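Contents: one structure, followed by commentary.
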Amino acid sequence: CGGHGTCVDFHDNATLKSAIESMYAGDKVVSAVCHGPMALPQCNKPDGTPLIAGKVVAGFKDSEEVAVALQDKVPFMLESKMKELGAKYESADDWNSKCCVDGKLVTGQNPQSSEACAAAVISILS
């Protein structure tokens with residue numbers, strides 16, 4: 014999932030937070046692409062630390078947000094927030110595919126990353 018709608022619907026959503034935390038704690042695949050990872054900063058591991066702390070992740074880059082001139086419309090800049098929470102943020106050049114897999118956490122930088130992330134999830138499930 015992704016798109017700017019997730020910036021409103023996902024970043025402070027108790028139901029989604031609970032579902033992601035339960036799936037992560039249950040060793041299930043958690044995956045999000047583009048702005049979908051806006052849901053992840055609110056989530057914690059069972060020990061109470063941020064779910065993405067120490068994890069290799071991708072999400073919509075700050076420079077991509079600036080390029081679409083929506084940096085003042087989103088609740089936070091995703092790349093910056095992920096880094097602030099201790100994630101090992103990785104990215105490709107703007108508008109290029111970047112998929113990160115860290116255990117069963119699969120994240121993608123932008124819409125161009127959707128296919129790579131889908132393939133990663135299929136690989137994990139196979």
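The sequence shown lines up with residues 14 to 139 when you count with my numbering.
Glycine included, every Cβ here is placed at the ideal spot set by N, Cα and C.
Since the model is a prediction, treat every value here as computed from it, not as a measurement.
Can you tell me where the beta strand (DSSP E) with residue i in it begins and where it stops?
i: L118; result: 118-121
i: D115; result: 112-115
Residue i: which of the options sits nearest, CA to CA?
i: C20; options: F89, D115, N123, A71; result: F89
i: N193; options: Q125, E97, G116; result: Because the chain here runs from 14 to 139, residue 193 falls outside it and cannot be looked at.
i: S104; options: I135, G61, M36, C47; result: C47
i: L118; options: K41, K96, M51; result: K41
i: S31; options: G18, G16, L53, A45; result: L53
i: F23; options: E97, V87, C112; result: V87
i: V134; options: C112, N123, Q122; result: C112
i: S76; options: N123, L64, C56, A66; result: N123
Ends of the alpha helix (DSSP H) at residue i?
i: D75; result: 75-80
i: S127; result: 127-138
i: D22; result: 18-22
- What are the complete alpha helix (DSSP H) segments, minimum 4 residues, inside the region 39-63? none
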